[in-house]
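Structure record follows, encoded as structure tokens.
Protein chains: 2
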Amino acid sequence: MSSINSENASTLESAMQLMIQTFHKYSGNEGDKYTLSRAELKEMLTQELGSYLGNAQDQDAVDKVMGDLDSNNDGEVDFTEFIILVGALTVACNDFFLEYHKDGTKKNTKKE
Amino acid sequence: MSSINSENASTLESAMQLMIQTFHKYSGNEGDKYTLSRAELKEMLTQELGSYLGNAQDQDAVDKVMGDLDSNNDGEVDFTEFIILVGALTVACNDFFLEYHKDGTKKNTKKE
Numbered sequence: 001m002s003s004i005n006s007e008n009a010s011t012l013e014s015a016m017q018l019m020i021q022t023f024h025k026y027s028g029n030e031g032d033k034y035t036l037s038r039a040e041l042k043e044m045l046t047q048e049l050g051s052y053l054g055n056a057q058d059q060d061a062v063d064k065v066m067g068d069l070d071s072n073n074d075g076e077v078d079f080t081e082f083i084i085l086v087g088a089l090t091v092a093c094n095d096f097f098l099e100y101h102k103d104g105t106k107k108n109t110k111k112e
Numbered sequence: 001m002s003s004i005n006s007e008n009a010s011t012l013e014s015a016m017q018l019m020i021q022t023f024h025k026y027s028g029n030e031g032d033k034y035t036l037s038r039a040e041l042k043e044m045l046t047q048e049l050g051s052y053l054g055n056a057q058d059q060d061a062v063d064k065v066m067g068d069l070d071s072n073n074d075g076e077v078d079f080t081e082f083i084i085l086v087g088a089l090t091v092a093c094n095d096f097f098l099e100y101h102k103d104g105t106k107k108n109t110k111k112e
């Protein structure tokens, strides 16, 4: 993906580039270069989200994520399905950090 | 968001952190700290996605994005609505780069 120029990218553009780069880092390993096979999905989950998902080593967990994501039932996760996973995880993380932040600053409500 | 530790984060975790940080950078400026008002959305679009959206200076364009995103019609964009925008833009960017990449490497089909 040498056509992506990360110089002068905004924070959000950097995030978008990192998501695109991550997908293609794994999707090119076998079969269709532009989708994640079950094995590629497992490697991506383990390498990239090990600390979030914990048990990606577990084949049942990988099968469950694949089943949830693979909306067209072709046994492959395409880029849109990958973005839906990342989006859902990001929303969950944001909720978690907001709860944490609110709990930690209950006495400090300057802006509310 | 000092509770997010970016050390040892994977590429994908970094992307997720950058999206969360970007949203809160703008959402805290006025009104509800956890949603983007119309003015905050405009600032975010201009600062972060100027090179993608081009005409975010245009109030009509901001109104259109707000109308498309604000699914619960409360005049504010919440984090989930923001992630849907970023996800849709990332899918569009990926499609664009794949087309570009395919056109540029038509003769070089080692893996297909």
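Chains as they are written, first to last, in UniProt numbering: chain U, 1 to 112; chain Y, 1 to 112.
Beta carbons: idealized from backbone N, C-alpha and C, even for Gly.
Taking C-beta atoms under 8 Å as the contact rule, A15 (chain Y) and M19 (chain U) qualify, at a distance of about 5 Å.
Here F79 (chain U) really is in contact with V91 (chain Y); their C-beta atoms are around 6 Å apart, less than 8 Å.
Checking the DSSP bridge columns, you'll see V62 (chain Y) has no partner listed. In the DSSP assignment, L36 (chain Y) is bridged to Y:V77. Taking 9 Å as the CB threshold, T35 (chain U) stays off the interface with chain Y. With fewer than three CB-CB distances shorter than 8 Å, the region 69 to 76 of chain Y does not count as touching the region 34 to 44 of chain U. Using beta-carbon distances, V86 (chain U) counts as an interface residue toward chain Y, with a partner under 9 Å. Judged by DSSP secondary structure, S27 (chain Y) falls within the alpha helix (DSSP H) whose first and last residues are 11 to 27. Between the alpha carbons of E30 (chain Y) and D60 (chain U) lies a gap of roughly 45 Å. Taking 9 Å as the CB threshold, S71 (chain Y) stays off the interface with chain U. Only L18, M19, I20, Q21, T22, K33, Y34 from the region 17 to 41 of chain U bring a Cβ to less than 7 Å from some Cβ of chain Y. Chain U places a beta carbon closer than 9 Å to that of E48 (chain Y), counting this residue as a contact.
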